[in-house]
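**Q**
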Amino acid sequence: MTSRVIVSVLTPRQGYGPRSHGAIALDIHECHGRSKYGNHWVFGTEPGPWFEPEWFVQIKKRWPWQNHTEGQYAARMIPRLRSINPDLIEVHNSGTVAEFLAEKLDVPVVLFLHNDLAATSGYAHPRDRQRVADKVAGLFFVSDYLRGRFLENGVQARGLVRVVYNGVHWPETVPPEEGRKKQIVYVGRIHEEKGVFNLMDALPDVFARHPDWTATVIGPPSYRNMGRKNKRVRRFQGLLQRMQQRVRHFNFLPQEQVSIILQTSSVAVTPAVWCEPFGRTSVEAMANGVPLVSSRRGGLQEVLSDDCAIIIDPESPDSIRDGIERLIASSSLRREYGDSGRRRARDFSIENSVKSLDAARDDLFASIL
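Numbering (full-length UniProt numbering), first residue to last: 1 to 369.
Now the structure itself:
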């Protein structure tokens, strides 16, 4: 255990608790306590309850009715950061916050990217990514795909660059194929880029031919405007109503309950249309022994091979349907893909992720001494 102090900074909209976390928060939480860097604080806006309350610092808004801009959020954490006096600040997914803190504090700042910064309006131009690259001490990415996207068009990193894959819990044992329900599962946001609407369009044909099968969808709709129901939400609700009792939907479930549902399911589907930054939900499904039907775009190319998942065209409901039905038709094929997926997912265990992250931190400290 080292005495160095590290602060992880979430984005203003990220929760950090058992009832309010996203993928980034879950990754930080699962590494917390396993890393040799045990003095590890987490900054965010989560009102509670928190994963590690003794290590969490809530950055409150000046006025309850206002939303933080990223600049305001970064400014309001400066006094507490100075009192903690960390040896390293890891800013997750916000170039704006990373730039601000790197300018204001005499502390090395790492920008830790879980999404494609080059696809955001403030950093689409190479000169904007070069500006943040010049200010931070390091750049960490959850996939080589993201690393390549950030450095496109001649962007040069001044500091350390490392790929640190997300880690997932890898159970020592999972239920056998024979003991699972005839259930299809999807975990992820309800958004067109995730391919969930194409999956929902594929399911009626599946159910018509396999009336004893059902589906479970876990994930929140993506919408703004103070939570008002928008076109996407209405479309999703319409699709649910078409299939009545065949599909159940959970807006959010704690990770423990998600794992239980995965371990009782016979097919998982991750039909991402966009380029996934990494593909955590695909790895979680494989770790829990669920045979996977998936696209292979973006970071998923580093995660999936033909022998551990059935690869489909996510923009084609027919392709998604055919992939699902291949698995429904053969228990031996489900067993084969479940076993090969488990073997592949072990490479992305939390333990391996922590080792990789600690090695990257070691290299970072060595580079700035």
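Backbone N, C-alpha and C define an ideal beta-carbon position, used for all residues, glycine too.
According to DSSP, is Trp41 helix, strand or coil?
**A** strand
**Q** Give me whichever residues DSSP pairs with Leu160 in a beta bridge.
**A** Gly138
**Q** Go to Leu113, then tell me how far its beta strand (DSSP E) extends in each direction, as first and last residue.
**A** Val109 to Leu113
**Q** Identify the residues that DSSP records as bridge partners of Gln183: which are they?
**A** Thr214
**Q** So, with DSSP's three-state summary, where would you put Leu369?
**A** coil
**Q** Report the option in Val206, Arg162, His191 and Lys194 whose CA atom is closest to the CA atom of Gln183.
**A** Val206
**Q** Give me, in chain order, the residues of the same chain whose beta-carbon lies closer than 6 Å to that of Ala157; leave out the 5 immediate sequence neighbours on both sides.
**A** Ala133 and Leu139
**Q** Under a Cβ-count criterion, where at least 16 other Cβ atoms within 10 Å of its own Cβ denotes burial, should Met1 be classed as buried or exposed?
**A** Per the 10 Å Cβ criterion, exposed.
**Q** Is it right to say Pro53 is buried, meaning 16 or more other beta carbons lie within 10 angstroms of its own, or is it exposed?
**A** exposed
**Q** Does the distance from the C-beta atom of Glu284 to that of Gly298 stay below 8 Å?
**A** no
**Q** Buried or exposed: where does Asn198 fall if 16 or more other Cβ atoms within 10 Å of its Cβ makes it buried?
**A** Buried.
**Q** Could you tell me the distance, in whole angstroms, from the CA atom of Ile6 to the CA atom of Asn85?
**A** 9 Å
**Q** Which residues does DSSP pair with Leu292 in a beta bridge?
**A** Ala268
**Q** In whole angstroms, give me the CA-to-CA distance for Asn225 and Gly238.
**A** A caution first: Asn225 carries a pLDDT of 46, below 50, which makes its placement in the model unreliable, though a value can still be read off. Using only the alpha carbons, I get a separation of about 20 Å.
**Q** Taking the runs of the beta strand (DSSP E) that are 3 residues or longer, which of them lie wholly in the region 228-286?
**A** 247-250 and 267-270
**Q** Using only alpha-carbon positions, find the residue among Thr120, Arg246, Leu111 and Gly15 that is nearest to Pro204.
**A** Arg246
**Q** Does any residue of chain B have a CB that is nearer than 8 Å to the CB of Ser356?
**A** The question asks about chain B, but that chain is absent: this structure has only one protein chain.
**Q** So the beta strand (DSSP E) Phe56 belongs to, where does it begin and stop?
**A** Residues Phe56 to Gln58.
**Q** Assuming the contact rule is C-beta atoms closer than 8 Å, Arg342 and Ala287 should be a hit. Round their C-beta distance to whole Å, please.
**A** With a contact defined as Cβ atoms closer than 8 Å, Arg342 and Ala287 qualify at about 7 Å.
**Q** If you draw a straight line from the alpha carbon of Leu160 to that of Lys61, how long is it in whole angstroms?
**A** 33 Å
**Q** Which residue marks the beginning of the beta strand (DSSP E) containing Ser8, and which one marks its end?
**A** Per DSSP, Ser8 belongs to the beta strand (DSSP E) from Val5 to Val9.
**Q** What is the DSSP secondary structure of Val354, counted as helix, strand or coil?
**A** helix
**Q** Thinking just about the alpha-carbon of each residue, which of Gln257, Leu10 and Arg19 is nearest to the one in Tyr73?
**A** Leu10
**Q** Helix, strand or coil: which one does DSSP assign to Leu364?
**A** helix
**Q** Can you give me the start and stop residues for the alpha helix (DSSP H) that Glu90 sits inside?
**A** Run containing Glu90: none in the alpha helix (DSSP H); it sits in the beta strand (DSSP E), Leu88 to His92.
**Q** Under 8 Å by Cβ, that's how I've got Arg321 and Ala202 pegged, so tell me the actual separation to the nearest angstrom.
**A** 4 Å
**Q** Just to confirm, are Ile312 and Leu304 a CB contact at a threshold of 8 Å?
**A** It is not a contact, given that the beta carbons lie outside the stated cut-off.
**Q** Could you check the C-alpha separation between Gln301 and Pro220 for me, to the nearest Å?
**A** 25 Å
**Q** Determine the contact status of Val142 and Val109, defining contact as a CB-CB distance below 8 Å.
**A** Not a contact, by the Cβ cut-off of 8 Å.
**Q** Check Ser330 in the structure and name its three-state DSSP category.
**A** coil
**Q** Around the Cβ of Ser94, are there at least 16 other Cβ atoms within 10 angstroms (buried) or fewer (exposed)?
**A** It is buried - the Cβ of Ser94 has at least 16 other Cβ atoms within 10 Å.
**Q** Taking buried to mean at least 16 other C-beta atoms within 10 Å of its own C-beta, is Arg147 buried or exposed?
**A** buried
**Q** From which residue to which residue does the alpha helix (DSSP H) around Leu300 run?
**A** According to the DSSP assignment, Leu300 belongs to the alpha helix (DSSP H) that extends over Leu300 to Val303.
**Q** In this structure, how does DSSP classify Pro126 when only helix, strand and coil are distinguished?
**A** helix
**Q** Starting from the C-beta of Asn352, find all residues in its chain whose C-beta is less than 7 Å away, skip the five residues before and the five after it, and write them out in chain order.
**A** Gly167
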